[in-house]
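Participant: Before I ask anything, let me first share the structure, which is written out below as C-alpha cells.
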Amino acid sequence: MFRILKKTFDTGLVTIDYPDAPPRLSENFRGAPRFHLANWHDARPAAEACPTGALSIRDYGGIREVTMDYGLCIFCGECGAADQSGAVQMTREFELAVRDKANLVLTAQYDVSFDGTQQHLRQLHRGLQPVEQDTAALELKVHQAIHQTLGRSLAIREVDAGSCNGCEVEIVALNNPVYDLERLGIHFVASPRHADMLLVTGPVTRNMELALLKTYRATPEPKVVVAVGACGISGGIFGRNYATVGAVDQVVPVDVFIPGCPPRPHALLHGILLALGRIAEKQLPL
Amino acid sequence: MMDNRPRRLDEILSACGSALSRKLTSSAAEIYVDLPAANAPAASAYLRSAGCRHVAVFAEDRVAEDSHDYIYYVFEHPDDCRYLVLRAAIDLDDTAFPSMAAEVPALNWQEREIQDWFGLEALGHPNPRRVALHDNWPDVHPLRKDFSIDTVLPPFEGEQHVYRPTLGEGVFQIPVGPVHAGIIEPGHFSFAVAGEPILYLQLRMFYVHKGIEKRFEQLTADRAVFLAESVSGDSSFSHGTAFCQALERIGGVEVPEPAHRMRTILLELERIYNHVADIGAIVTDVGFVIANAHASRLREEILRINEELTGSRLLRSVVCPGGVRRPWDRDHVSNTLAALTPFEREFNELVDMIQSSDSTRDRLERTGILNPDQARDLGIIGVAGRASGHDRDVRRDHPYAAYDSLEIQVPVYQEGDVLRRMQVRIDEVRESLQLIRAAESGLASGPHRVSMPPLPADQYALGSVEGWRGEILYWVRTAANNRIARCRVKDPSLNNWPAVVEAVQGNIVPDFPVINKSFSLSYSGTDR
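If you're matching them up, the sequences are chains A and B in order. Following my numbering, the numbering of the first sequence begins with 33 at its first residue and continues without gaps. Following my numbering, the numbering of the second sequence begins with 14 at its first residue and continues without gaps.
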C-alpha cells in the first residue's frame, strides 16, 4: 500500500491543460493538409496520390473543380509528398470538428490551360458558401436546451458501429490520467439509458445498423450524437458497400463530426466540447 | 541468409511419393503444390502426422480466368521457415469441397467462411451454419466475382440467428451485446449460467463486417496498403507490413536493410503499447484500478514515441511496399528511443506493483484455463497459444524484417490461465525493448525505401507477421494494372475466439470480462 502511494506521489501530475492551453504536440505530428488553393497550378499529382478520394479533381469544359473533403481524409500525407510545387503543406492542425458536414468540404474552380495545369482561380467554396474572406472562428452557436442541461456534466455512451478499433484506441485514451476527461465533468457510461451523448465510430455496418438505431432510441432526450473519424463521417476507406451504410448520419441525426483516422484524443475532446457549446467551431484553413 | 535453416518440408513432401509431387512453384518463403480436392483431407492428415500445423484454409474465384474455384490449404512445420500451400481446383459443375473441421477444429470458422463468401459447400462439416453472413442476410456470396461490391441489399428480413436453447431448472441465459458496456467493439455473447458458474458461451461475431476482402479487389496495390492498415486499427503497422511483404515477394523487391530495421523497431513499439494497455486492462477487471492508471499512462508514452518517429500515434501511413514512407535521422531516432529507458524502469515498477498484490494474483491464477491440448486442437496462436504451451512465433519461425539477424526469446507457459497470458505479455514487453535496442544499434540513416516496379499480373504470395496478438497472414493475388485480384486476410483473432468459449466454461460470470480481456481479440480483424 505504501509503495502504491509512493509511486503516485513520485509520478506527480501528468494531466494536460488542453483545452485551456494549447497542447504540446510533436513537431512531426501529421495533422490536416493545407492547400494554397489561390496559387495552385496542378492538383493532379496530389489527387492521384490520395488513397480515399478525399482530394479529387473533375475537369469539364475548360474548367477544373478541385474538391477536398476533410471528412474523407485519413491524414496520410501522400498528397503533400506527391505535390512538388509547395501548394500542399502538412500542418499540425487537428481542431477540425464541425456541426455541418458540408463545412468539411472545400471546392475550388480553375480555368485549365492546354497543358492541363490550372491557370486562375475562379471560385472558392467552403461547404455551400462562396468564401469571400477568412475568419478564424465561428461564433459560439449553442443549442440552448443542450447547453443548459448538459453543458457542465455529460455522460457519453460510445458505440462502435463498424470501426477498425483505431478510434476506440484513442477514445479509451481519453480516460487515462493524461487526458482525464472527468476533469471536465465528462464520463463514459455503460448504458445508453444513462447517456446524454452517443459517440459513434465506424462506417455503420449493415449488421450494426439496427443496434445503432436501437441505442439511439434508448438514449433519453435531450441527446447529442457525435460521429467520429473518417468512417463515421463518410465511410472512410471502406466507403459505402454491400456490408456498410457508409456514414453515421445515414442512420441517426448527427450534431458534430470529428475528422481524423483516428482523431487524436485532443481532437475528440475538441469535438465533444463543441457539441456542448463549450468552445467555438474553427473554420478550415484555406 | 535462410540457406542454413532446416528445410524439413522437402523431406516430408518427397516421403509421400507421387501424392504431393505436383509442385507448382517454390521460393525461399513458400511452396505450392497442386492436388485434387478429394485428396486434401488425406494430405492434411499426413502432413499433420509429420508434425505440420494446418495454418489456414481459404478460397478464390477464378471462374472467369480458368473455369475453376480454388481452395488453398496453408501448412507450416517447426523445422522449416517456408509455408507449404496445397491448392485444390474445384470444377465448375462442382459446388462442394471436403470439410476437415471435424479432424481440425481450427478450420471450423474458416471453412464456413468459404461457404458464406463463395457458396461452396463444406461437405461433412459438423456445424455448417452461417458464420460470416448473419442468418437474416439474403442468399448472397459477396466474394464471388459476379457479385458487385456496390450491391444494395434490401432490409434484412430473414430469420435471426437461433441460439442453442438454455434449458434446465435454475439455468438461465444472459445475452450481452452487440453494444457492450465498455469502450470495446461489438459482438454478441450468449451465456448459459447456473447461478454464478457459466455452463457454456455462444458467440456471434461479424457485426463489424465491412467487406474488406472485397474492397481490396477495387484498389491498386499502393492504395490497398491503407486498407490493410484499417483491418484492425490497433495493429495497423503489423497488418500493413504483412500486406507489403506479400507485394514485395510478388514484385521480387528486396527491402533495404535499414528499412527492415525501422520496421522491426515500429513493430515492437506496436507490441509494447498494446501489451501494456492489456496488462492494465486485465488488472482493472479484477479491481486494481491504480495499476491501470500507470499502465495507460505508460501506453501514452509509447504512443508519443510513435508520433515523434512517424507522425502517427498508431503508426498509420508509415509502411509502404519497398520500405517505409519517410526517411529518418539516426540521431533523432536514438534520442526519441532514449525515452524507453525511463519507460522500462516504470514498466518494471508497474509489474512489481501488480505482482506484489496477492488479491490480484488470486483472481488471475487458475482463472479461464485453456489447457495445451485444447489450444493445439483449436489452433490457438499468439499470446494465448504461448500461454498454453504452443511454442510458435512468426518472428522466429518465418523471419521477416530484421528478425533473422536478431535473437528472439519466446516465452512459453503450460498453465494457460489469465495469469500466464498476462505473464507472456510482460515477458514480451521486456523482449521487445531488447529487440528495439538491437535493431536500433545497427540502424543506418537510410535508404528508407526502394521504388516498387509495376507488379506483374496474376502472381501470388503470402505475407506473415507476428502481430502483438499473434500470426497475421495475408495471401495476395495481383491483377493487371497494379490491382489486387484477391486478398485473404487472417487476423489471429479469427483463430482464437473459440478459445474464449472453452476458457470461460465453469468460471463465474464476474470473471468473464477479465478472461475475455486476457485474450484481447480484435472484432474488426475477425469480421473484416
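Backbone N, C-alpha and C fix where the C-beta goes; we use that ideal spot for every residue, glycine too.
With C-beta atoms as the reference, is B/H403 less than 8 Å away from B/P385?
Facilitator: Here residue 403 of chain B refers to the residue found at position 390 when the second sequence is read from its first residue. Here residue 385 of chain B refers to the residue found at position 372 when the second sequence is read from its first residue. Against a cut-off of 8 Å, the Cβ pair of B/P385 and B/H403 comes out as a contact.
Participant: Which parts of the stretch 369 to 443 of chain B are runs of the alpha helix (DSSP H), unbroken and 4 residues or longer, counting only runs that do not cross its ends?
Facilitator: Counting only runs of 4 or more, we get 371 to 377, 385 to 391, 395 to 400, 407 to 410.
Participant: Is A/D212 a contact residue of the ligand FAD, with contact defined as CB to any heavy atom under 7 Å?
Facilitator: Looking at this structure, you won't find the ligand FAD or any other ligand, since it has none at all.
Participant: In the DSSP assignment, find the alpha helix (DSSP H) that holds A/F41 and state where it starts and stops.
Facilitator: Here residue 41 of chain A refers to the residue found at position 9 when the first sequence is read from its first residue. Here the alpha helix (DSSP H) through A/F41 covers 34 to 43.
Participant: Under 8 Å by Cβ, that's how I've got B/N495 and B/L475 pegged, so tell me the actual separation to the nearest angstrom.
Facilitator: Along the second sequence, one-based indexing puts residue 495 of chain B at 482. Along the second sequence, one-based indexing puts residue 475 of chain B at 462. Between B/L475 and B/N495 the Cβ distance is about 19 Å, and since that is not below 8 Å, they are no contact.
Participant: Distance cutoff 8 Å, beta carbons only. Does A/N60 sit that close to anything in chain B?
Facilitator: For the purposes of this step, residue 60 of chain A is taken as the residue at position 28 of the first sequence. A/N60 counts as touching chain B.
Participant: For B/L48, tell me which candidate among B/H90, B/R312, B/L33, B/A58 has the shortest Cα-Cα distance.
Facilitator: Walking along the second sequence from the start, residue 48 of chain B turns up at place 35. Selected option, being the one with the closest Cα: B/L33.
Participant: Which residues of chain B have a Cβ atom closer than 8 Å to the Cβ of A/M240, listed in chain order?
Facilitator: Here residue 240 of chain A refers to the residue found at position 208 when the first sequence is read from its first residue. Those within 8 Å of A/M240 in chain B are P191, P199, Y220, V221.
Participant: Does the stretch 208 to 221 of chain A come within contact of the stretch 238 to 255 of chain A, defined as at least 3 CB pairs closer than 8 Å?
Facilitator: Output reads no: the stretch 238 to 255 of chain A does not touch the stretch 208 to 221 of chain A.
Participant: Would A/G198 be called buried (16 or more neighbouring beta carbons within 10 Å of its own) or exposed?
Facilitator: The sequence position of residue 198 of chain A within the first sequence is 166, counting from 1. Buried: at least 16 other Cβ atoms inside 10 Å.
Participant: Do you know offhand how far B/N121's Cα is from B/M218's?
Facilitator: One-based indexing of the second sequence puts residue 121 of chain B at position 108. One-based indexing of the second sequence puts residue 218 of chain B at position 205. Whole-angstrom Cα-Cα distance: 14 Å.
Participant: For the stretch 122 to 148 of chain A, list every residue whose C-beta sits within 7 Å of some C-beta in chain B, in sequence order.
Facilitator: Listed by position, the residues of the stretch 122 to 148 of chain A near chain B (Cβ gap below 7 Å) amount to none.
Participant: In chain order, what residues of the stretch 206 to 217 of chain A put their CB closer than 7 Å to some CB of chain B?
Facilitator: Answer set for the stretch 206 to 217 of chain A: N208, P209, V210.
Participant: Is the beta carbon of B/I278 sitting closer than 8 Å to the one on B/A452?
Facilitator: Residue numbering aside, residue 278 of chain B sits at position 265 when the second sequence is read from its first letter. Residue numbering aside, residue 452 of chain B sits at position 439 when the second sequence is read from its first letter. Yes. Within cutoff.
Participant: Any contact between the stretch 435 to 450 of chain B and the stretch 306 to 318 of chain B? By contact I mean 3 or more CB pairs, one from each, below 8 Å.
Facilitator: Segments in contact, no.
Participant: I'd like the list of long-range same chain contacts for A/F34, defined as Cβ closer than 6 Å, with 5 residues on each side in sequence excluded.
Facilitator: The sequence position of residue 34 of chain A within the first sequence is 2, counting from 1. Contacts found: none.
Participant: Three-state secondary structure (DSSP) at B/S57?
Facilitator: Residue numbering aside, residue 57 of chain B sits at position 44 when the second sequence is read from its first letter. Correct three-state label for B/S57: helix.
Participant: Strictly below 7 Å CB to CB, what residues from chain B border A/I36?
Facilitator: As a position in the first sequence, residue 36 of chain A is number 4, starting the count at 1. Near A/I36 (Cβ distances below 7 Å), the residues of chain B are I303, M366.
Participant: Against chain B, which members of the stretch 179 to 201 of chain A pass a CB distance test of less than 9 Å?
Facilitator: From the stretch 179 to 201 of chain A, only R189, E190, V191, D192, A193, G194, S195, C196, N197, G198, C199, E200, V201 have a Cβ closer than 9 Å to chain B.
Participant: Our contact map puts B/G429 next to B/A400 with C-beta atoms below 8 Å; I'd like the distance itself, whole angstroms only.
Facilitator: As a working mapping, residue 429 of chain B is identified with position 416 in the second sequence. As a working mapping, residue 400 of chain B is identified with position 387 in the second sequence. At roughly 6 Å, the Cβ-Cβ gap stays under 8 Å, so B/G429 and B/A400 are in contact.
Participant: Quick check on A/C111 - is its C-beta less than 8 Å from some C-beta in chain B?
Facilitator: On the first sequence, residue 111 of chain A is found 79 positions in, with the first residue counted as 1. Output row for A/C111: interface = no.
Participant: Going along chain B, which residues have a C-beta under 8 Å from A/R353?
Facilitator: Residue numbering for chain A in the displayed model covers 33 to 318; residue 353 of chain A lies beyond these limits and cannot be assessed.
Participant: Can you check whether the C-beta of B/P54 is within less than 8 Å of a C-beta belonging to chain A?
Facilitator: One-based indexing of the second sequence puts residue 54 of chain B at position 41. Judged by the 8 Å Cβ criterion, B/P54 is not in contact with chain A.
Participant: Does the contact criterion of 3 or more C-beta pairs under 8 Å hold for the stretch 140 to 147 of chain B versus the stretch 56 to 65 of chain B?
Facilitator: At 8 Å Cβ cutoff, the stretches do not touch.
Participant: Does DSSP put B/I211 in a helix, in a strand, or in coil?
Facilitator: Position 198 of the second sequence holds residue 211 of chain B. Three-state result, B/I211: strand.
Participant: Quick check: what's the CA-CA separation for B/F239 versus B/S251?
Facilitator: Position 226 of the second sequence, counted from the first residue, corresponds to residue 239 of chain B. Position 238 of the second sequence, counted from the first residue, corresponds to residue 251 of chain B. Roughly 12 Å separates the two Cα atoms.
Participant: Just list the residues that DSSP pairs A/M122 with in beta bridges.
Facilitator: Locating residue 122 of chain A in the first sequence gives position 90, where the first residue counts as 1. In DSSP, A/M122 forms a bridge with A/P65.
Participant: Do B/V87 and B/A114 have their beta-carbon atoms positioned less than 8 Å apart in this structure?
Facilitator: Here residue 114 of chain B corresponds to residue number 101 of the second sequence, with the count starting at 1. Here residue 87 of chain B corresponds to residue number 74 of the second sequence, with the count starting at 1. Contact: no.
Participant: Compare the C-beta of B/A32 with all C-beta atoms of chain A and state if any pair is closer than 8 Å.
Facilitator: The sequence position of residue 32 of chain B within the second sequence is 19, counting from 1. Judged by the 8 Å Cβ criterion, B/A32 is not in contact with chain A.
Participant: Output, in chain order, the set of chain A residues within a Cβ distance shorter than 9 Å of B/E261.
Facilitator: For the purposes of this step, residue 261 of chain B is taken as the residue at position 248 of the second sequence. Going along chain A, no residue has its Cβ under 9 Å from B/E261, so there is no contact; the nearest lies around 19 Å.
Participant: Around the C-beta of A/R238, are 16 or more other C-beta atoms found within 10 angstroms, so that it is buried, or is it exposed?
Facilitator: Numbered from 1 along the first sequence, position 206 holds the residue referred to as residue 238 of chain A. Looking at its Cβ environment, which holds 16 or more other Cβ atoms inside 10 Å, A/R238 is buried.
Participant: Under 9 Å Cβ-Cβ, which residues of chain B neighbour A/V46?
Facilitator: Here residue 46 of chain A refers to the residue found at position 14 when the first sequence is read from its first residue. What A/V46 touches in chain B: R310, E313.
Participant: Indicate whether B/A42 and B/Y96 have their beta-carbon atoms separated by less than 8 Å.
Facilitator: Along the second sequence, one-based indexing puts residue 42 of chain B at 29. Along the second sequence, one-based indexing puts residue 96 of chain B at 83. In contact: B/A42 and B/Y96 (Cβ atoms closer than 8 Å).
Participant: Would you mind telling me which residues of chain A sit closer than 7 Å to B/D82, beta carbon to beta carbon, in chain order?
Facilitator: As a working mapping, residue 82 of chain B is identified with position 69 in the second sequence. Residues of chain A passing the Cβ test: none, with the nearest at roughly 20 Å.
Participant: Out of curiosity, what's the CA-to-CA distance linking B/I393 and B/A512?
Facilitator: Working through the second sequence from its first residue, we reach residue 393 of chain B at position 380. Working through the second sequence from its first residue, we reach residue 512 of chain B at position 499. Roughly 7 Å between the two C-alpha positions.
Participant: List, in chain order, every chain A residue whose beta-carbon is nearer than 8 Å to that of B/G224.
Facilitator: Within the second sequence, residue 224 of chain B is the residue found at index 211, counting from 1. Here the neighbours are F270, N273, Y274, A275, T276.
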